[in-house]
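Per our numbering, residue 880 is the first one in the sequence shown, and the count goes up by one each step. Just so you know, even glycine gets a beta-carbon here, dropped at the ideal spot from N, CA and C. Remember, predicted model here, so these are calculated numbers, not experimental data.
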Amino acid sequence: MSPCVSCGRPFMYDPERVVSVLVDPETGWLPEPGRRHLAIREPACHFCVRAANVERRKRGLPLGYEGDTYDDLVKRLSWGGR
């Protein structure tokens, strides 16, 4: 569990499947092209990913992945990891 990079709300996720954003650890913003190699990935919650996709749809841009990234974790937790 950690906070969402966008809204700051703590949420649970599968670290191998969560949607994430590259962030420059010095600035806390998207990295400049020359600093991309220093960037770290920060997780984004499903609420923020869906909100971003609504905006991307309006602008005719490709959508970020929503998929089963979050649903699968909920299922596994409710089934006791089976």
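Option in the options with minimal Cα separation from residue i
{"i": "G887", "options": "N932, A931, P922, E934", "result": "P922"}
{"i": "Y892", "options": "G913, F926, T906, E905", "result": "F926"}
{"i": "C900", "options": "T906, A918, E911, G913", "result": "Note on residue identity: the sequence assigns Val, not Cys, to residue 900. Selected option, being the one with the closest Cα: A918."}
Other residues of its chain near residue i: CB distance less than 7 Å, five sequence neighbours each side excluded
{"i": "F890", "result": "M880, C883, C924"}
As assigned by DSSP and simplified to three states, the class of residue i
{"i": "E934", "result": "helix"}
{"i": "V928", "result": "helix"}
Beta-carbon proximity check, residue i vs residue j, cutoff 8 Å
{"i": "G943", "j": "N932", "result": "yes"}
{"i": "L909", "j": "V902", "result": "yes"}
Nonlocal neighbours in the same chain, by C-beta distance under 6 Å from residue i, ignoring five residues either side
{"i": "S885", "result": "A923, C927"}
Residues near residue i in its chain [Cβ-Cβ closer than 8 Å; skip 5 each side]
{"i": "R920", "result": "S899, V900, L901, V902"}
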